[in-house]
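To start, the structure itself, in structure tokens.
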Amino acid sequence: MSIHKIIILFLAFSFNLSGFSQESAIYTNPLADFQNALNLYENQQYAGAQTLFSKIKKTTDNDLLQSNCAYYIANCAVRLNQLNADQLMEDFVKDYPTSTKRNTAYLDVADYYFKNGKYAYAKKWYDKVDENSLAKGDLEKFNFNNGYVAFTTKNFKDAKKYLMRIENSQTYGSQAKYYIGFMAYESDDYKEANQYFDQVSDNEKYKEKLSYYQADLNFKLGKFEEAIKLAKEQLQNSDRYEVSELNKIIGESYFNLGKYGEAIPYLSEYQGKKGKWNNTDFYQLGYAYYKQGDYESAISEFNKIVDGKNSVAQNAYYHLGESYVNLEKKQEALNAFRNASQMDFDLKIQEDAWLNYAKISYEIGNPYQSVPQVLTIYLETYPSTAYKEEVETLLIDSYITSKNYQEALKLLKGKNSFENKVAYQKVAFYRGLELYNEGKYQDALDMFSNSLKEPRDGMFTTRATFWKAETNYNLTNYSDALIGFKQFQQQSNASETPEYKNINYNLGYTYFKQKNYPQAIQFFNQFITNQKDDAIRLNDAYLRLGDANFVSSQYAQAIQAYDEAIKINKIDSDYAFFQQAISYGYEGKASKKITELEAFLQKYPKSTLRDDAMFELGNSYVKANEDVKALKIYEKLQGDYRMSTFVPGSMLRQGLIHYNKSDNEQALIKFKAVAKDYPGTPEANQAVSSARLIYIDLGRVNDYATWVRTLDYVEVTDADLDNTTYESAEKKYVDSKTDDAIKQFNSYLAQFPKGIHALQAHFYLAQLYDKKGLKENAVPHYVYVVDAPPCEFTEESLFKVSQIYLEKKDWIQAIPMLKRLEEEASFPQNVIYAQSNLMKAYYQLNKYSEAVAYAEKVLNQGVVDVKIKSDAHLIIARSAIKTNNLERAKTAYAEVEKTATGEAAAESLYYNAYFKNKAGDYQTSNETVQRLAKDYSSYKYFSAKGLVLMAKNYYQLEDAFQATYILESVIENFGEYGEVVTQAEEELSKIKKEQAKTNASVLPEED
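The sequence shown maps to residues -21 to -1, 1 to 986 in mature numbering (1 follows the signal peptide of the UniProt record, and there is no 0).
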């Protein structure tokens, strides 16, 4: 009999008791309606049932019928999900406290929500139930449902409390034990989990699921053989997710049993959590390959471990390093060992990694810190290492092989062992050479002196002696240079050095600079006798031999030397030809001189000596009484080379020709032009004197007086005082009494600011200030000379003032001076100097097309110094990079790399690697970066840029570990280069975002 029929009978009995005098039809009608409402309720027609129950409740006076209607109205509201459902049920409990359905009401609503999976709602109503009033059957169901609700919401504490009450229930026991076991499993209480699972393992309902859990439980309990057995049995009957997990259990069990070959296929089949592996997953498969000797496969797994910061990662990076070593990939091994050495989870692995890191650093170089520093830190960290003697030997040698001499000197400071002093001698020598090649002569001199203070190795002592002398020569300390070269020559092992073959050349030059021409001739001749290989140096030696003989009035020998230089024809053949022609003149062979000068003008149409040749040819024509030719060549000189220092002289000569022919008016025109256009020059002063004689001859003294007053630099009445004052200052200058000379030249200019000798005084003052290092004082005096009409001091002044502006990096002021020097210089080396510095100045001002134009001019000069050519290629390359002309940059940097030293070599190597990266040649690009790290580690900026490039290469080569580790190292170690660090951070963020897609251990960088 159903509960609803019992309710109806009970209601019928109640009606009879209360209204027996009424007709039976009246009393049975509400019962019929109630029955209809119950039928609708049981058929889940809750809206209709609720309406009927509401109608009955309103029309009946029977309390029991009303309470039952209220109960069902609330239940219908729950099932219809009405907003007031909870309130209706609460109202029922409050309004009918004696109803037998009061406790059942909460349970019924809770069960309804439970049945429909609304566990949070169910729990709310179960919490209202009075457990003590429940029948045994209802209590078991109540405990199970409450336990399951807690289980589904991960409240394992409450779940276990309710489920353990019914673990022996005939109805719910098996389910309770399964869920209790599962919660123990999830809480890593594998013993309890196993205990409960065993109790339901023969239940078909749970058998399939339990096979997976029991396999995993056995694995976690270290029962690997049993785990493998159970997991393999379940493989065929599992879904895709469980197959992945079972493969992991089998593979990891084999791994833990040391059966790496068997582990690999199962570990490889694992799909990861949500399609992602973590660092431990990659480590296990990588280590399995490593133990099988499959280093390529091991690397491909280990190098996916990114951001590892635990013992697994340390172990992985150590074995990654060993795998790289086995494949001769030492740069990659360096990074792996370095990373493992920076972790202290396993101290033994850390020490072994440190040792490997130090040794590989010695072998291939280190881009992060100097090799001596790495080895030193290792010895300090592990003073009792069994490898102490071996590493100390590497340390001493590393000071030389690292080529990071500046850092090595810091590390060697204060170390007093014999071996360290030997190393210091060598390092100081090499650092001196480095500074010398950078043009830092004073610093180089100090280094060579320091090397000589530790004369431990005879060969380095001898070589340092030579280079100290060579540096003194470049500093114009010719006396010290001479002593040094002679000391070098006297060393017993001098002939074994690479410098020895040129010692006579160096001695010859030093004597030449000291104006000791007989000795210069002797040593240049000795050099020429023994030197046949170096054509350029031999060519130069003949030129200087010719000059020394020329100055010594040994013209036949000069002619012969110049002739040999012309035959070699490597450098300055125009100069040799010109000097040879002049020498003929001094030999008294006037016609030969004329013939040779005429030939010179035909042979060398672009020579910077053409104005010299025209002037000399004109003078020779005058001596040969060929005045017409003389006037013509002087006129050509003035037309072709308006800014030449020979123009005023040629005009003066024209005036004298006219004067000697008694053509006084023409003579006066020329003299007056010289006096007007070139005021203050010796030629102007001579022109005034010559004009004075003509005016006297013509009896036109008043005209002379009127004219000469227009020349403000001629103070006729003070001429004697002017000359006397100047000559006194000049004598101090000749006697090298610098301070006195400065004082007297300033005094002269104060008295005669536009005096006869003002130009010379300004020039000599500039030279004196320059010599004392007072360059700012020198500038205005050089500028005075430069702004004056061309004279014998113009070229030197242009050179000097340009040099001062360049030292100050005042490119704007330097450029016009350099351009004038380029146009007006007589000496080819000054033209090259001007052009090479113009290209640098324009580059600094971001005028790249002008910079490139001048670089090309330098390269078109023919034979120029290797360093200057390298600089020209470098300017072209840098400008091409700035203007995004990558093809030209690539070609130019290739040229730089052929000859460059120091920072330029580092830069060219970086771009070599850069262009290989652009071409997709990632491996070769990395090899180039390794060369950069090994040979030029002291140039930190390009080391940092090279590392970022290397990281990009590795990522393209699918080595995420190398890429991320290198980028993190750049960010950590190169903070002084903000732009490079920013680039590294951007690259690292990109890589981590990509890696996070497949590696659960990687957290992507935030934007």
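Ideal Cβ positions, reconstructed from N, Cα and C, are used throughout, including at glycine.
From a predicted model like this one, the values you see are computed outputs, not experimental measurements.
Tell me, which residues are paired with residue i by DSSP?
{"i": "LYS255", "result": "LYS252"}
{"i": "ASN978", "result": "TRP256"}
Mind reading off the beta-carbon distance from residue i to residue j? Whole number of angstroms is fine, and I expect it under 8 angstroms.
{"i": "LYS913", "j": "GLY344", "result": "3 angstroms"}
{"i": "ALA527", "j": "TYR496", "result": "4 angstroms"}
{"i": "ALA155", "j": "PHE123", "result": "7 angstroms"}
{"i": "TYR357", "j": "LEU390", "result": "So it is not a contact: roughly 13 angstroms between Cβ atoms."}
{"i": "TRP790", "j": "GLN823", "result": "5 angstroms"}
{"i": "THR878", "j": "VAL845", "result": "5 angstroms"}
{"i": "GLU337", "j": "VAL370", "result": "The sequence as given places Ala at residue 337; Glu does not occur at that position. Contact flag correct, Cβ pair sits at about 6 angstroms."}
{"i": "VAL831", "j": "SER858", "result": "5 angstroms"}
{"i": "LEU196", "j": "ASN173", "result": "5 angstroms"}
{"i": "TYR245", "j": "TYR233", "result": "7 angstroms"}
In whole angstroms, what separates the C-alpha of residue i from that of residue j?
{"i": "GLU224", "j": "LEU236", "result": "18 angstroms"}
{"i": "ALA892", "j": "THR907", "result": "5 angstroms"}
{"i": "ILE675", "j": "LEU631", "result": "19 angstroms"}
{"i": "SER980", "j": "VAL285", "result": "8 angstroms"}
{"i": "ASN282", "j": "ILE970", "result": "13 angstroms"}
{"i": "ASP575", "j": "ASP590", "result": "A small correction: the amino acid at residue 575 is Glu; Asp does not occupy that position in the sequence shown. Distance between the alpha carbons of GLU575 and ASP590: 15 angstroms."}
{"i": "TYR638", "j": "GLU774", "result": "31 angstroms"}
{"i": "SER320", "j": "GLU368", "result": "21 angstroms"}
{"i": "ASN481", "j": "VAL837", "result": "27 angstroms"}
{"i": "PHE557", "j": "GLY564", "result": "11 angstroms"}
{"i": "TYR933", "j": "THR961", "result": "19 angstroms"}
{"i": "ALA720", "j": "TYR613", "result": "38 angstroms"}
{"i": "SER381", "j": "SER349", "result": "7 angstroms"}
{"i": "SER428", "j": "ALA443", "result": "8 angstroms"}
{"i": "GLU964", "j": "LEU946", "result": "7 angstroms"}
{"i": "GLU398", "j": "ASP376", "result": "10 angstroms"}
{"i": "LYS897", "j": "LEU209", "result": "53 angstroms"}
{"i": "GLU311", "j": "THR903", "result": "14 angstroms"}
{"i": "ALA101", "j": "GLY126", "result": "11 angstroms"}
{"i": "THR704", "j": "VAL713", "result": "15 angstroms"}
{"i": "LEU967", "j": "ALA923", "result": "15 angstroms"}
{"i": "GLU595", "j": "LEU580", "result": "12 angstroms"}
{"i": "VAL353", "j": "PHE316", "result": "13 angstroms"}
{"i": "LYS750", "j": "PRO434", "result": "33 angstroms"}
{"i": "ASN664", "j": "PRO658", "result": "8 angstroms"}
CB of residue i to nearest heavy atom of the ligand PLP: below 7 angstroms?
{"i": "ALA319", "result": "This structure lacks the ligand PLP, and indeed carries no ligand of any kind."}
Short check: CB of residue i to CB of residue j, under 8 angstroms?
{"i": "TYR151", "j": "VAL128", "result": "no"}
{"i": "TYR761", "j": "ALA745", "result": "yes"}
{"i": "GLN505", "j": "ASN485", "result": "no"}
{"i": "LEU374", "j": "ARG410", "result": "no"}
{"i": "VAL57", "j": "TYR91", "result": "yes"}
{"i": "ALA26", "j": "ALA16", "result": "no"}
{"i": "LEU817", "j": "ARG799", "result": "no"}
{"i": "SER46", "j": "TYR20", "result": "no"}
{"i": "ASN952", "j": "MET929", "result": "no"}
{"i": "SER916", "j": "PRO346", "result": "yes"}
{"i": "TYR269", "j": "SER302", "result": "yes"}
{"i": "residue 997", "j": "GLU413", "result": "No answer is possible for residue 997: the residues shown for the chain start at -21 and end at 986."}
{"i": "PRO627", "j": "PRO768", "result": "yes"}
{"i": "GLU110", "j": "PHE93", "result": "no"}
{"i": "VAL667", "j": "ILE636", "result": "no"}
{"i": "LEU424", "j": "ASN451", "result": "yes"}
Given that a residue counts as buried once 16 or more other Cβ atoms are within 10 Å of its Cβ, and exposed if not, what is residue i?
{"i": "ILE515", "result": "exposed"}
{"i": "GLY265", "result": "buried"}
{"i": "LYS327", "result": "exposed"}
{"i": "THR696", "result": "Because THR696 carries a pLDDT of 47, less than 50, the predicted location of this residue cannot be relied on, and the following value inherits that uncertainty. Per the 10 Å Cβ criterion, exposed."}
{"i": "LEU588", "result": "buried"}
{"i": "ARG219", "result": "exposed"}
{"i": "GLU876", "result": "buried"}
{"i": "ALA684", "result": "exposed"}
{"i": "ARG688", "result": "exposed"}
Step through the CB atoms of chain D and report whether any lies within less than 8 angstroms of the CB of residue i.
{"i": "SER776", "result": "The structure shown has no chain D; it contains just one protein chain."}
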